[in-house]
Structures are given as structure tokens and as C-alpha cells.
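Trainee:
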Amino acid sequence: MNNKNKARVNETSDSYVVQMAIPGVKVQHVTVEETNGEIEITAIRMNATGDDVDQTYQDVLYLKPSTADMTKATGTLNHGVLKLEVPKRTPPMLEVETETAVAPAPSAAEESSNQQFRVTFDLPGVPASQVRVKVFPEDHKLVVQGVRPRRSGDDKDIFFRRIFEIPQYDTVDMSLTRSFLLDGVFTLVMPSSADTMATDDDDQQDTTNNTRIIVVTTEEDNLPSVGNMSLNEGEKDWDHVVSDDVDVDKKPPAVEK
């Protein structure tokens, strides 16, 4: 019987966290496979005798490979809850080089959907080499700063700095930001992430056999085995029991026989 439990994706400042309830499932019966950002989770719950399938939990979700580092994904199963952690690829700050060219015009679909982020303002007398553009994905902000070289009649160079909020931060791909400056007009464009996803899908059509297995472990996997513990007769292994109020040089009392 298939169960309708679904995976939930939460986003932190540095990772994506996927959680899915799979009660009654042993870790050896969990399979997590990732192919070009598509994560497929399959978990099988066996019956009490272990000779037949009681329930099957399945779900498929997608994380964009350009922002999620699947090579460092980890999985744990504790108390009937599967947890996957996938680090983000997005650096804390992106610096964009300004191009001396005309910015591409938005398509009709981009204008109607309002998913693309675009900023345009005048910068007369400023060369592209004097403009610095910084994108801060975690703060959803854009900073454009630079200097207008001194002209006749000016006492000194003129510095400028403008900060913009990115309201469409959840619908744009900040990693593909481009900026343009031509004839004193500055334009910055962040494409819609839907467009990027479509491009990724086109690229995936030519990709074969690119499946990655995400290994799932439990807390028990990290516990020391009995074979690694020194349990001499009449004594404890005091190397494993050390606290601030324990005299490690003092022998433990003998055990009465």
C-alpha cells in the first residue's frame, strides 16, 4: 500500500532541508536518488515478521542544481523522520561586471508575469569600468556604486552608491545577474528562475546515467561499538567518563565480588 506522506522543503541561509515522515521504516529500506536536481525518495515499511511489505512511502521533489550542491547532500533517519540536508551553492555575495552594451529588452511574457527583476537609471559621465555591482542573495539586496571622474568645473570626483531591495527574490535567478551601461544609461537584469529551470530541463534531455545515491544514516551509526570500549573486569574505562568534577588520576573503587 502506498502512503501519501509528502516531503516538505524548508530553506535556511545556507542549505535546503527536506523532511518526510516514514514511521516504521528501517534505514536499510530507504533509498534516496538524485538525478539532475530531481530527488526521488522511496521507503519501505515491512510487516512485523519482516517477510512482506506493509507500506511504501514515495515522493519526488526538485532542487535547482545551480543553487543546491547535491555532491554534499546528507541524509539521516531518526524517530521515523527522514531528513536530507543539501548545502546551497549561492555565495554570500556576487559581484557582477558591467558590460558596455545595450541591455536585452524583456519579452512580452516577462513583462506580463513580472517575474524578472530589472533596474534602470541614468549615470551620465560614468564609464563602465568605474561601476561596481554587488548582489547579496541572503539579504535580497543589490548595491550599485562607483565614481564619476572629475570633469571641467568639478572640484573632485563624484562618488555614488544606490541600494535596491529585490522583491522578486524567490522568482529570479540571482546567479545569472547581468548589468549594462551605454550612453550614460545603466540597466541591470535578473532573469526569471522559471526561464532558468526551462533551460536546465533542456540540458537534462541530453544527460544520461547521471544518478547520485544519497546515503542515509541513523544516530545509532555514530555510537561507539562494544568492541571499541575497554571494559576490564572490576574497572570502567575512565577515558570515556570525564567531567569537571572528576579526578582522572584517582583509581575507581574496586567492585565487591
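If you use numbering that gives the first Met the number 0, the sequence shown corresponds to residues 0 to 256, in order.
Glycine included, C-beta positions come from ideal geometry on N, C-alpha and C.
The model shown is predicted, which means the values in this text are computed figures rather than measured ones.
Using CA coordinates, which residue listed in 183, 34, 211 and 215 is at the minimum distance from residue 129?
Mentor: Working through the sequence shown from its first residue, we reach residue 129 at position 130. Comparing Cα-Cα distances from residue 129 to each of 183, 34, 211 and 215, the minimum goes to 183.
Trainee: Quick one: what does DSSP say residue 26 is sitting in, helix, strand or coil?
Mentor: The sequence position of residue 26 within the sequence shown is 27, counting from 1. DSSP places residue 26 in helix when its eight states are reduced to three.
Trainee: With three or more beta-carbon pairs closer than 8 Å as the criterion, would you say the region 129 to 144 touches the region 157 to 169?
Mentor: Yes, the region 129 to 144 is in contact with the region 157 to 169.
Trainee: When the Cα of residue 74 is compared with those of 18, 100 and 62, which residue comes out closest?
Mentor: In the sequence shown, counting from the first residue as 1, residue 74 sits at position 75. When each option's Cα is compared against that of residue 74, the closest is 18.
Trainee: How should residue 33 be labelled, buried or exposed, when 16 other C-beta atoms within 10 angstroms of its C-beta is the threshold for buried?
Mentor: As a position in the sequence shown, residue 33 is number 34, starting the count at 1. Its Cβ being crowded by 16 or more others within 10 Å, residue 33 is buried.
Trainee: Could you tell me the boundaries of the beta strand (DSSP E) in which residue 82 lies?
Mentor: Taking the sequence shown and counting its residues from 1, the one referred to as residue 82 is at position 83. Looking at the DSSP string, the run of the beta strand (DSSP E) that includes residue 82 is 80 to 86.
Trainee: So residue 132 packs on residue 97, CB below 8 Å; how close in whole Å?
Mentor: Sequence index remark: in the sequence shown, residue 132 carries index 133 (1-based). Sequence index remark: in the sequence shown, residue 97 carries index 98 (1-based). Yes, residue 132 and residue 97 are in contact; Cβ-Cβ is about 6 Å, under 8 Å.
Trainee: What is the rounded straight-line gap between the Cα of residue 3 and the Cα of residue 23?
Mentor: Numbered from 1 along the sequence shown, position 4 holds the residue referred to as residue 3. Numbered from 1 along the sequence shown, position 24 holds the residue referred to as residue 23. Each residue's alpha carbon lies about 15 Å from the other.
Trainee: At a cut of 8 Å, does the region 63 to 74 reach the region 83 to 93 through at least three beta carbon pairs?
Mentor: The region 63 to 74, when compared against the region 83 to 93, does touch it at the 8 Å Cβ threshold.
Trainee: May I have the straight-line CA-CA distance separating residue 13 from residue 169, to the nearest angstrom?
Mentor: Here residue 13 is taken as the residue at index 14 of the sequence shown, counted from 1. Here residue 169 is taken as the residue at index 170 of the sequence shown, counted from 1. Looking at the two C-alpha atoms, the distance is approximately 15 Å.
Trainee: If you reduce the DSSP assignment to three classes, tell me which class residue 274 lands in.
Mentor: Residue numbering for the chain in the displayed model covers 0 to 256; residue 274 lies beyond these limits and cannot be assessed.
Trainee: Along the chain, where does the beta strand (DSSP E) that runs through residue 9 open and close?
Mentor: Within the sequence shown, the letter at position 10 stands for residue 9. 7 to 10 is the span of the beta strand (DSSP E), which, as asked, contains residue 9.
Trainee: Give the secondary structure of residue 110 by DSSP, where H, G and I count as helix, E and B as strand, and everything else as coil.
Mentor: Mapped onto the sequence shown, residue 110 falls at position 111. Three-state result, residue 110: helix.
Trainee: Can you check DSSP and say which residues form a bridge with residue 275?
Mentor: Nothing about residue 275 can be read from this structure; the chain reaches only from 0 to 256.
Trainee: Return the first residue and the last residue of the beta strand (DSSP E) that residue 100 is part of.
Mentor: On the sequence shown, residue 100 is found 101 positions in, with the first residue counted as 1. From DSSP, residue 100 is part of no beta strand (DSSP E); its letter is neither H nor E.
Trainee: Got a sec, what are the start and stop residues for the beta strand (DSSP E) residue 150 sits in?
Mentor: By 1-based counting over the sequence shown, the position of residue 150 is 151. Careful: residue 150 lies outside any beta strand (DSSP E) and carries neither H nor E.
Trainee: Please classify residue 181: does DSSP put it in a helix, a strand, or coil?
Mentor: Position 182 of the sequence shown, counted from the first residue, corresponds to residue 181. If DSSP states are grouped into helix, strand and coil, residue 181 belongs with the strands.
Trainee: Can you grab the Cα-Cα spacing for the pair residue 110 / residue 58, in whole Å?
Mentor: Stepping through the sequence shown from its first residue, residue 110 is reached at position 111. Stepping through the sequence shown from its first residue, residue 58 is reached at position 59. Their Cα atoms are separated by approximately 34 Å.
Trainee: Going by the beta-carbon positions, is the gap between residue 156 and residue 147 smaller than 8 Å?
Mentor: Taking the sequence shown and counting its residues from 1, one reaches residue 156 at position 157. Taking the sequence shown and counting its residues from 1, one reaches residue 147 at position 148. Yes, they are a contact pair.
Trainee: Relative to the C-alpha of residue 15, which candidate in 26, 65 and 114 has its C-alpha closest?
Mentor: The sequence position of residue 15 within the sequence shown is 16, counting from 1. With distances taken between Cα atoms, residue 15 lies closest to 65.
Trainee: Per DSSP, which residues does residue 94 bridge with? Please list them.
Mentor: Stepping through the sequence shown from its first residue, residue 94 is reached at position 95. Note: residue 94 sits in a beta bridge opposite 133.
Trainee: Specify the secondary structure class of residue 47 as computed by DSSP and reduced to three states.
Mentor: Within the sequence shown, residue 47 is the residue found at index 48, counting from 1. Three-state DSSP puts residue 47 in coil, outside helix and strand.
Trainee: Count the other C-beta atoms from every protein chain shown that fall within 10 angstroms of the C-beta of residue 151, then say buried if there are 16 or more, exposed otherwise.
Mentor: By one-based count along the sequence shown, residue 151 stands at place 152. Exposed, by the Cβ-count rule.
Trainee: Give me the Cα-Cα distance between residue 202 and residue 49, rounded to the nearest whole angstrom.
Mentor: As a working note, residue 202 is residue 203 in the sequence shown. As a working note, residue 49 is residue 50 in the sequence shown. For residue 202, the predicted model reports a pLDDT of 44, less than 50, meaning its position is unreliable and no value from the coordinates is stated.
Trainee: What are the boundary residues of the beta strand (DSSP E) that residue 115 is part of?
Mentor: On the sequence shown, residue 115 is found 116 positions in, with the first residue counted as 1. From DSSP, residue 115 is part of no beta strand (DSSP E); its letter is neither H nor E.
Trainee: With distances taken from CA atoms, which of 126, 216 and 181 is nearest residue 103?
Mentor: Along the sequence shown, one-based indexing puts residue 103 at 104. Cα-wise, what sits closest to residue 103 is 181.
Trainee: So for residue 122, helix, strand or coil by DSSP?
Mentor: Position 123 of the sequence shown holds residue 122. It is coil, neither helix nor strand.
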